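Numbering (our numbering), first residue to last: 346 to 1509. The beta carbon of each residue, even a glycine, is placed where N, CA and C say it ideally should be. These numbers come from a predicted model, not from an experiment. Below: the structure, in structure tokens.
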Amino acid sequence: MASVVSQSHFIFGLRPGVANNLCFVDEQTVVFPSGSSCVCHNIVQRCQRFISGSERSQGMGALAISANRRYLAASECGEKATITVFDLQHEQGRRRKVLTAGDMPVQEFLCMAFSPNSKYLISQTGAPEWILIFWLWEKNKILATVKTTTSTNPVTQVSFNPYNNMLLCVSGAGVFKLFRYSEGALKQCSFAKVESINFLCHAWISDERVIAGTDTGRLLVSEFGDLRREIKMASERQVEVKRIKESDGNPGLAVSRITAILSYSKGFVCTVGPGVVCLFEKTEEDLYRKSREIRIPPEPHCSDLISAESQEIDTMCLSPAEETLAVSTDRGQLYSVSLSSADTSREEQLHFEFLSQPFHSNSITGLSICIRKPLVATCSLDRSVRIWNYETKELELYKEFQEEAFSVALHPTGLFLLVGFSDKLRLMNLIIDDIRTFKEFTVRGCRECAFSHGGHLFAAVNGNIIHVYSVTSFENMLNLRGHSGKVRAIEWSLDDRRLVSCGMDGAVYEWNTQSGKRESESVLKSCSYTGVAFSADYKTVLAVGTDLTLKEIQDCEVLREVPADEVAHTALAVSHSGRVVFTGTSSGTIRAIKYPLPIQKEWIAHQAHCGPVTKMVITYDDQFLLTVSEERCLLISKIVDKDGRGLKRNREIVHTEEILVTKADLEEKTQNMLELKMRLEELQMENEYQLHLKDMSYNEKLKELSDKFTQEVESLKTTQQIMKTEMERSERENQEQSAEVAVEHLKELRDLEHSYSQKLIVEHDKYQDLHQKHHTLLEDYEKLLKSAEESRTRALEDLTQLYEDKLQEKTQLLAQCQEDSQQKILELEEIIKQMEEDEERKIHALQIKYEKKLYSEKETNTSLKGNNAIVTQKLDGLQKQIDDRCSDINKLKQERQSLLGLIRSLESDIEDLKRQISGHEKTSQDKDNTISGLKKKNQELEKLKFVLECHLNELKKQIEPQQDDIKEKKERMHQLEEELVQIDKSNTQLKLTVSDLRLKLRTRDKEMNREMQRVKDLETLRERLKSDLHKCVGFIQEPKKLKDSVQLIYARYVPNTGSVEKSSVDDDIQRAFRYQRDHLEKTVNSLKMKLAKSAEEHEKIYVQIMKENVTLITEINELRKELHLVRTQSKDYKAQLVILKKPNKSRPNSEEGPGEKPEQKEIS
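Structure, rendered in structure tokens:
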């Protein structure tokens, strides 16, 4: 195993074909896929952190970042596709979970999305299943799956509703569906007909709306899953939302594809064509305003027909604070723009800037480094040549050409560049800001070129021929012929005397650059070599090819060979220290193999790229390994030992800072500087002159304004004096007029007081008459009420008397029953007492039952007081209840008779027991020997009897205070019942007053209606009179007709003059009635308030009483239970004593067997 390895340090490039390939972690860090890893790139510090994928991965398919920016999900393709969730807060991006689809044959996940709470994850699988999987990812549990589409309609995006963790959206070609997770399954909740629409992207703009973009440039809005709206450009700065017709299948005039949509707090962002992003701000509920348009700027060094503006934007993302918008394009470029600057510079055209550096957009074909500067040169099939600085991680220079570049070589000084194009080989100068060609060579399709270590020669490959040229004289020094196939790699020795080459013909040749002859050769027809290099001591040659082995060749023989593996080596680099050999493979891995080469398969593999490694080189200080691949990425790896430290440098390399500048450029810049200085001096002079002119003009204006204002002040003073004189005159006139008006007003007041005093006298007389009528009506109502109350009281007294008589009869019957039971149960005192207690308990229960019934009857009586009209109906109901109670009494009598029968049966049992006892006494003569033992036991039982009697006395003492409490609570209940009765009486009185007031209000309403009708009649009469007078005015020129019309009016309306006078009198009466009505309404309202208050107080008292009754009843029940237990215990003790006394009285000749059994029971 090699003790030296390579670690990924920095990478230039964006991996293609990954969905959602750009995400913000925080304000300064973005995540994007590059090589075989995900890169966390810090924009400010220009440092990178790598999150590597799995070893056997065939590449990433999609990325998704959680809403809290903590977790990153990356899907990886393979025989069994997986999703790896990384924790971004961990330094190395620790893996949290690796998710698989279980038993489902899934080869790739096309797109993914986290839920708003970051607990759930959804992913869409590819063809042919097209299954949407809903994960609880922290537990690696699949909650639900559903098939979303078919292979003819692929899905392009899935997303969660940002306000609902259970609602998600799926869109694609002819697919737009909403799913809701409920009851353990994903259920489709929208069925829009979108078979003819190809949706490329979508975004949630609210909890109900989704906006989606199509390949025809349409923006469609979905509400609750129904596509009924389309956002169209109404003007240059205003966007309107229009309803989509069902028959509207025309995509419109728009041709630009909408490839990405992103919602944010102010509205949404979307692409509106190649290289163009528009910001839309929400103004109203359905209106959006196009606030800004941001474009990708044209590249200054681009000479290609296809400009940077024609790039399609694949992914957009916003920083957490919505300060920066970043985008990725289909050509592998990353751009960003500050939205705060977009808000401030409204008028200027806004352009994107590169997020880090401009990358290659196609596979990289050439790689070269120099000795004197930390520069790396790369060329690519995207027709560009780029110069990178691997220490500062910056792009120093780049230029695009008309032809594809196949190979590149940097001069050891870092000042010249050799590039092989499809038509020519060009030698170029690296000047301060450009790459300029100064010599062209007729070498077509040069796939390999390299400068010698001294820099005075360079070798270029043309098919199977190697041309060696002089850098100083540009002469073709040698043409090395010998390969029968294309030459794939060349390398110079340290002293530049030898050149090694390998080709597809399986030959490795070592050439003498002085004579042009081959010094050694190794040919293996079965192998096509792809890479060759000298060892560190330049004595042997290392080569790799299609036979999957690494060979070490010396003197035309293979010295060592690292055994074959499943993956072919494609490139080779040897460290200058000679400790390690690095090889690149077709799967993108970099292997570190110890040197001298091992016999077995011993190496440390590092998955760096996801495509074949095309070129690799080690810097001259052995600090960095540079690799490029077909996936258009340049990776800078740090070479470290097993402890993570860098390798020791064998030689110190000093990097220079010189650059090339042409004389014309310098002269042009100096000329520009002089011109700018002259221009600056001229501008200063012009500004001073302009300022002087402005000062003079402002002084003149100030003088003019001051003169003008002084004149205006004087004119205003004169006008003020004139106004004062006019004010004084108008005040005098007003005082005189007010005095005259006051005198007239006093006269009118006296006349009005006199007329209104007469009217008041008349109205007072009318009021007295009405008051007398009102008094008589009140007396009649009072008499009626008294009679109704008397009838109610009589009915109540009759009912109470009936119930009291029935209760007395029942109590008498109960007393007789008790006397009979006492006479019949004299012989068995203990049993009789027990039966008496049972009967007393039942009687007590009956009393409680009847008390409750009485209480209910009282409540019904109180309700009868309030409902006078339906008293007769309730009396019938009460009679029915009385009949039911009589039937209940009969049932109780029957129960009592059954109990008496039970007593008789018990008496017969007692007699049977007595007979058995007498039989036992006859047989007890033979048991005299046991009398002494029984006497001893009897003494012990007497002691036990004494103890039981003490317990009985204590229980009696405990019962007495409880009985006193029961009596006190009964007295309290009686008091509460009396308070209830008083409250019922007060309620009935209030109800009567309310009914009287309602009657009065009705009479007042009738009188009001009459008066209103009179007023209406008078108004109609007045209108008729007006119309007649209007007609009469028409005959003003004809005296006869005028006279006739006046006579007709007089005949119609003069007889009603008395009624008019009466109407004026009626108006006064009406005012008096209004006054009375207002007074009565006020009194009614006050009485209503009092009634409501009393009702509330009554309800509170009633609730309190009910609560107290409930507590009392519960306490009584508990006391009864305790009494019952105590009585049963005392009866048991008495029964035991009786049983114990009987054996003592029996004869001494009793038998042992039957006499001992009951004693054993009692002792136990």
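| query | result |
| --- | --- |
| Does the pairing of the region 1256-1270 with the region 1196-1212 give three or more beta-carbon distances under 8 Å? | no |
| Taking 8 Å as the cut-off, does the region 1007-1014 touch the region 976-991 (at least 3 CB pairs, one atom from each stretch)? | no |
| Cβ of I984 within 8 Å of Cβ of V349? | yes |
| Determine the contact status of C1162 and R1241, defining contact as a CB-CB distance below 8 Å. | yes |
| From what residue to what residue does the alpha helix (DSSP H) around K1376 run? | I1276 to V1378 |
| What are the boundary residues of the beta strand (DSSP E) that L564 is part of? | L564 to E568 |
| What are the boundary residues of the alpha helix (DSSP H) that V1107 is part of? | K1008 to K1169 |
| Distance, Cα to Cα, Y1447 vs I1328? | 10 Å |
| Taking the alpha carbon of N462 as the reference point, which residue from G471, F454 and E483 has its own alpha carbon closest? | E483 |
| Determine the contact status of V832 and N809, defining contact as a CB-CB distance below 8 Å. | yes |
| For D850, count neighbouring C-beta atoms within 10 Å of its own C-beta (all shown protein chains included) and say buried if the count is 16 or more, exposed if not. | buried |
| For the region 490-499 and the region 512-519, state whether three or more C-beta atom pairs, one from each stretch, are separated by less than 8 Å. | yes |
| What would DSSP say about E1206, mapped onto helix, strand or coil? | According to the sequence provided, residue 1206 is Asn. The question's Glu does not apply to it. If DSSP states are grouped into helix, strand and coil, N1206 belongs with the helices. |
| Could you pull the start and end residues of the beta strand (DSSP E) that A913 belongs to? | Neither: A913 is in no beta strand (DSSP E) and is coded neither H nor E. |
| Give me, in chain order, the residues of the same chain whose beta-carbon lies closer than 6 Å to that of V491; leave out the 5 immediate sequence neighbours on both sides. | L477 and L531 |
| To which residues does DSSP link C368 through a beta bridge? | V376 |
| Classify V443: buried if its beta carbon has 16 or more other beta carbons within 10 angstroms, exposed otherwise. | exposed |
| Determine the direct distance from the alpha carbon of P957 to that of F355, and round the result to whole angstroms. | 19 Å |
| So, H756 versus V788, is the Cβ gap smaller than 8 Å? | no |
| Grouping DSSP H, G and I as helix and E and B as strand, with all else coil, what is N707? | coil |
| What do you reckon, are the CB atoms on V903 and S867 nearer than 8 Å? | yes |
| Evaluate contact between the region 386-402 and the region 709-721, counting only Cβ atoms and requiring at least three cross-stretch pairs below 8 Å. | no |
| With which residues is T559 paired in a DSSP beta bridge? | F544 |
| Consult DSSP for K789 and reduce its assignment to one of helix, strand or coil. | For the sequence presented, residue 789 should be read as Arg rather than Lys. Three-state DSSP puts R789 in coil, outside helix and strand. |
| If you compare alpha carbons, which of E644, T561 and A446 is closest to T427? | A446 |
| To which residues does DSSP link G929 through a beta bridge? | A916 and I935 |
| Residue range of the beta strand (DSSP E) that L1393 falls in? | That residue, L1393, is in no beta strand (DSSP E); its alpha helix (DSSP H) goes P1384 to Y1398. |
| Compute every distance between the C-beta of K486 and the non-hydrogen atoms of the ligand SAM, then say whether any falls below 7 Å. | Among the ligands in the structure shown, none appear at all, so the ligand SAM cannot be discussed. |
| Taking just the CA atoms, how far does P1384 sit from V1360? | 35 Å |
| So, are the CB atoms of V907 and V886 less than 8 Å apart? | no |
| Can you tell me which residues form a DSSP beta bridge with W856? | L844 and R863 |
| If you check the beta carbons only, do G876 and A834 fall under 8 Å apart? | yes |
| Distance, Cα to Cα, R1367 vs F1380? | 21 Å |
| Checking the sheet assignment: what are the DSSP bridge partners for M1434? | In DSSP, M1434 forms no bridge with anything. |
| Within 10 Å of its beta-carbon, does C715 have 16 or more other beta-carbons around it, so buried, or fewer, so exposed? | buried |
| Between G358 and S381, which are expected to be in contact by the criterion C-beta below 8 Å, what is the C-beta distance as a whole number of angstroms? | No, G358 and S381 are not in contact; Cβ-Cβ is about 12 Å, not under 8 Å. |
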